[in-house]
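Protein chains in written order, with the working numbering: chain A, 4 to 240; chain B, 11 to 269.
Even for Gly, the Cβ is constructed at its ideal location relative to N, Cα and C.
No experiment lies behind these values; they were computed from the predicted model shown.
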C-alpha cells in the first residue's frame, strides 16, 4: 500500500526526516510513534503529497506521491492535526465542498455523516463546534469517497477521555475496511488500536515491527521505544 | 477540472458573503460613488445654466462631464477596496490551516488560483453592477430626449471591471505569498499605490513622462472612461491579470516545497 524509499526532508539546515525506508501492507492499522518534533507529521505530509521530499520517494499503491500526486491522492483520505475546515461555513457546506473537489456526488455525504455521527451538527457553523466534533468532521472529510488509505495525524490530540475512547473505537472500525496510518506520541493509543508500529526519533526510523512483537520483546511499547532509541543513538555516536 | 474550479469558486463566494466585509465595501462604494455623482451633476447643471444658450461653447457632453470623471474617481476607491476583498483568499487558507486539506487533495494549484480569482471577479462584477445603477437612474430621470450615451457607459463599466480584475489578480498574488491577510492587503495596497505614483510621473516632461504613466493601470482606464475601447488597453489588463495569477500560482506551489 505504501512504500517509502530513502525518504528525507530538510527545512533549511534542519534535518526533519532522514532516509526512511518502510513498506506497509494493505488492511492494517499502523502507528507512527515518536516524541514531538520527531518527524511524524513531516512524513505523513510527504505520504499525502502535500510536501515534496528533499530526496527519496514515497509510493502509494505504486503511484509516486510527487511524480503522480493526483493518482496517489485519489487513494488517500487525510486528517491533518488541525482539522482543515472553514470555520465561517456550516458543516454541511464544508462537506459538500470536499465532495465536489473529490469529484463525488453529494449523495455520499449521508453515509459518512451517519458513520461519524454528525447528524446533529450539520447545520452548525464549523467554528462553533467542540474539538471532538471538529475532529469527527475532519475524519468525515477523509472518509468521503471511501479511499483505501486513511492517514490520520494525531487524531486524538486535544480530545477529552470520552472523546478519545469514541475516536479509538471509530479507528478500530475503520481498520476493518481501510489501511489506517496514524501518528501519535501516546503509546497507550498504539496498544489500543494498532497492529503495526513505526517508531521514529529525530527523523530516523528506530523500529518497524508488529506491536505484539515489540511488547513480547520489551514488556511494553514505552520500554521498546526507549531501548530502540538508545541503540540508535549509540550507533550514531 | 471545471467542477473543482467551480467548487473552489463557490466556497470562496460563500466565505466572502458570510463576512460583513463585502457588504461594507458595497455600501462604501455605492455611497461614495453616489456622492461623486451628485457633486458632478451639480457642476454639470451649473455649467448648463451658464452656457445653456450655447452648449458647444462649454463642451457640455453629459458622459464626459459626469460619467467619465465618476469612473476615474471610483478607480481610486478600488485601490483601497480590492486589496481588502482579496486579502483573505489564500492567506487565510494558510492561517486557518485549511490549506493542508487543499494541498493534499485532488485540487491542482492552478485550479485553486482560478477558482479564487473567478470568485473575486464575481464580487467585482456585482460591485460594478451596483455602481452602474446610479448613472442609469440619472439617465432615467433626465429629460426625455437628452443624449445619454449607454454605449459609453457600458464601455466605462467594462474598463472598471477589467481594472478591478487586474487589482484582484495583484491582491491574489499578495495573498498567496503570506499567511497574514493584513500583510497581503498592505502588500497589494502598496503595489497599487505605486501604480498611482507611476501615473503621477506623467506630469513631468520627457521620455519618462510618457513611459511611466503608460505602465500604470490607472492611466489605462482613461480611454474606457470616455467610452473608447482600445485593444492595447484590454491587452494591458489581460497581461497584468496573467502576471498576477502566475505569481499567485507560484506562491501556492511554493507551499509544497517549503512546507
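Segment limits, beta strand (DSSP E) that includes residue i
i	result
residue 54 of chain B	From DSSP, residue 54 of chain B is part of no beta strand (DSSP E) but of the alpha helix (DSSP H) over 31-61.
residue 6 of chain A	5-14
residue 34 of chain A	32-36
residue 211 of chain A	207-213
residue 205 of chain B	Careful: residue 205 of chain B lies outside any beta strand (DSSP E), inside the alpha helix (DSSP H) at 191-210.
residue 19 of chain A	17-27
residue 203 of chain A	199-204
residue 219 of chain B	Not the beta strand (DSSP E): residue 219 of chain B falls in the alpha helix (DSSP H), residues 216-225.
residue 61 of chain A	58-63
Boundaries of the alpha helix (DSSP H) in which residue i is found, first to last residue
i	result
residue 50 of chain A	43-51
residue 96 of chain B	78-96
residue 27 of chain B	12-28
residue 191 of chain A	190-196
residue 139 of chain B	119-151
residue 116 of chain A	112-118
residue 180 of chain B	160-186
residue 107 of chain B	It is not in any alpha helix (DSSP H) - residue 107 of chain B carries neither H nor E in the DSSP assignment.
residue 241 of chain A	The structure shown does not extend to residue 241 of chain A, since chain A is modelled only from 4 to 240, so the question has no answer here.
Amino acids of chain A, ordered along the chain, whose beta-carbon sits closer than 7 Å to that of residue i
i	result
residue 183 of chain B	Ordered by position in chain A, no residue passes the 7 Å Cβ test against residue 183 of chain B, which lies about 22 Å from the chain.
residue 24 of chain B	92 and 96
residue 17 of chain B	100, 103 and 104
residue 133 of chain B	Near residue 133 of chain B there are no residues of chain A at all, since even the closest Cβ is about 16 Å away, more than 7 Å.
residue 262 of chain B	None at all; the shortest Cβ gap to chain A is about 12 Å.
Distance between beta carbons of residue j and residue i, contact taken as under 8 Å
i	j	result
residue 94 of chain A	residue 125 of chain A	5 Å
residue 3 of chain A	residue 105 of chain A	The requested residue 3 of chain A is not part of the displayed model; chain A covers only 4 to 240.
residue 155 of chain A	residue 196 of chain A	With a Cβ gap of about 10 Å, residue 155 of chain A and residue 196 of chain A do not count as contacting.
residue 88 of chain A	residue 140 of chain A	6 Å
residue 135 of chain A	residue 173 of chain A	The Cβ separation is near 11 Å, so there is no contact.
residue 166 of chain B	residue 235 of chain B	5 Å
residue 178 of chain B	residue 51 of chain B	Not really, about 30 Å apart at Cβ, beyond 8 Å.
residue 127 of chain B	residue 23 of chain B	Between residue 23 of chain B and residue 127 of chain B the Cβ distance is about 12 Å, and since that is not below 8 Å, they are no contact.
residue 204 of chain B	residue 89 of chain B	Actually they are not in contact, since the Cβ atoms of residue 204 of chain B and residue 89 of chain B sit about 10 Å apart, beyond 8 Å.
residue 100 of chain B	residue 226 of chain B	Contact doesn't hold; Cβ gap of about 25 Å is too wide.
residue 25 of chain A	residue 186 of chain A	About 14 Å; that fails the 8 Å criterion.
residue 19 of chain B	residue 174 of chain B	The Cβ separation is near 16 Å, so there is no contact.
residue 203 of chain A	residue 43 of chain A	6 Å
residue 11 of chain A	residue 22 of chain A	5 Å
residue 123 of chain B	residue 31 of chain B	Their Cβ separation, rounded to whole angstroms, is 21 Å, which puts residue 123 of chain B and residue 31 of chain B out of contact at 8 Å.
Closer than 8 Å at the beta carbon, the chain A residues around residue i
i	result
residue 28 of chain B	91 and 92
residue 14 of chain B	103, 104 and 106
Where residue i meets chain A, residues with beta-carbon distance less than 9 Å
i	result
residue 140 of chain B	Residues of chain A passing the Cβ test: none, with the nearest at roughly 23 Å.
residue 55 of chain B	What residue 55 of chain B touches in chain A: nothing, since even the nearest Cβ is about 46 Å away.
residue 49 of chain B	Going along chain A, no residue has its Cβ under 9 Å from residue 49 of chain B, so there is no contact; the nearest lies around 38 Å.
Residues that residue i contacts on chain B, provided the C-beta gap is smaller than 8 Å
i	result
residue 85 of chain A	107 and 110
Interface partners of residue i on chain B, CB under 7 Å
i	result
residue 173 of chain A	The premise fails here: residue 173 of chain A is roughly 19 Å from chain B at the closest Cβ pair, so nothing lies under 7 Å.
Per-residue contacts from residue i into chain B (C-beta, under 9 Å)
i	result
residue 88 of chain A	106, 107, 108 and 111
Residue i beta carbon near the ligand MN (any heavy atom closer than 7 Å)
i	result
residue 79 of chain A	This structure simply doesn't include the ligand MN, nor any ligand for that matter.
Contact list for the region 106-121 of chain A against chain B, Cβ threshold 9 Å: 106
3-residue-minimum beta strand (DSSP E) runs that sit fully inside the region 67-108 of chain A, ordered along the chain: Qualifying beta strand (DSSP E) stretches, in chain order: 79-82.
Residues of the region 100-122 of chain B whose Cβ lies closer than 7 Å to any Cβ of chain A, in chain order: 106, 107, 108, 110, 111, 113, 114, 115, 116 and 117
4-residue-minimum alpha helix (DSSP H) runs that sit fully inside the region 144-183 of chain A, ordered along the chain: Qualifying alpha helix (DSSP H) stretches, in chain order: 164-178.
Under 8 Å (Cβ pairs) to chain B, residues found in the region 37-54 of chain A: 45, 48, 51, 52, 53 and 54
Interface residues of the region 57-81 of chain A facing chain B [CB-CB below 8 Å]: 73, 76, 77, 79 and 81
Residues, ordered as in the chain, of the region 143-163 of chain A that lie near chain B by beta-carbon distance below 7 Å: 144
Residues within the region 217-247 of chain B neighbouring chain A, beta-carbon criterion of under 9 Å: Listed in sequence order: no entries.
Residues from the region 71-101 of chain B in contact with chain A, defined by Cβ distance under 7 Å: none
Residues of the region 30-43 of chain B whose Cβ lies closer than 7 Å to any Cβ of chain A, in chain order: none
Near-chain A residues of the region 158-181 of chain B (beta-carbon distance less than 8 Å), N- to C-terminal order: none
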